[in-house]
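Sequence positions in the sequence shown follow numbering that gives the first Met the number 0 and run 0 to 180.
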Amino acid sequence: MSKSAVAGRYAVALFELAEETGQVDKYEAELSLIEAVFAETPQLTQVLIQPGISLDKKEDLLVQAFKGQVSEPVFNTVLLLFSRGRVRMIAALADSYKKLNDEKKGIATATVFSAKPLNDEEARQISTTFAPKVGKRELRVENVVDVTVLGGIKVRIGDRVFDGSIQGQLTRLEKQLLEAN
Numbered sequence: 000m001s002k003s004a005v006a007g008r009y010a011v012a013l014f015e016l017a018e019e020t021g022q023v024d025k026y027e028a029e030l031s032l033i034e035a036v037f038a039e040t041p042q043l044t045q046v047l048i049q050p051g052i053s054l055d056k057k058e059d060l061l062v063q064a065f066k067g068q069v070s071e072p073v074f075n076t077v078l079l080l081f082s083r084g085r086v087r088m089i090a091a092l093a094d095s096y097k098k099l100n101d102e103k104k105g106i107a108t109a110t111v112f113s114a115k116p117l118n119d120e121e122a123r124q125i126s127t128t129f130a131p132k133v134g135k136r137e138l139r140v141e142n143v144v145d146v147t148v149l150g151g152i153k154v155r156i157g158d159r160v161f162d163g164s165i166q167g168q169l170t171r172l173e174k175q176l177l178e179a180n
């Protein structure tokens, strides 16, 4: 089973518990905190997978790092991942959980390719325009500055692409002209 599929199962279980207790956003923030700690200190993962260090010492390290910083269910999920040799799945768990929460809230991520950085108003306008087209309440806009985009924008939401770039318009025009002949 793939890493993301396994992480998805843990995320679903934690998400269902969070819904029952009304802690969905809190758990997401805590998972993000844990993910950030592991990302910023890769030595932590290295220590936790080191075979020469006892399991008790590794667990103590996790307790010192996270106990009291995160809720019991989130901490227990991290301990469960650790005890099953899946500590490297923490980022995938956090990502899967975030996707579940976004799906529940009707939020999707839109990657917007543009020639220059978008300002907040442009990002909001893109969210407002494209969210209904993909059946979402809101879009989280991630801007990628791409110098090959001469003008306009390209928006990718999931597996859908909306190409409003000048290059895209020229390509469509060329195709129409070729089909007309």
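We treat Cβ as the ideally placed atom computed from N, Cα and C, and that holds for glycine.
- For V23, same chain residues with a beta-carbon under 8 Å away, outside a window of 5 residues either side, are F14, A17, N100 and K103 in chain order.
- Out of D162, G105 and G157, the CA that lies nearest to the CA of V148 is found in D162.
- Judged by DSSP in its simplified three-state form, T40 adopts coil rather than helix or strand.
- Contact between F129 and I89 fails: their C-beta atoms lie close to 31 Å from each other, not under 8 Å.
- Restricting attention to K132, I125 and K57, the CA atom closest to the CA of V140 is found in I125.
- In the DSSP assignment, T20 falls outside any beta strand (DSSP E) and lies within the alpha helix (DSSP H) extending over K2 to T20.
- If you look at K153, you'll find it in the beta strand (DSSP E) that goes I152 to I156.
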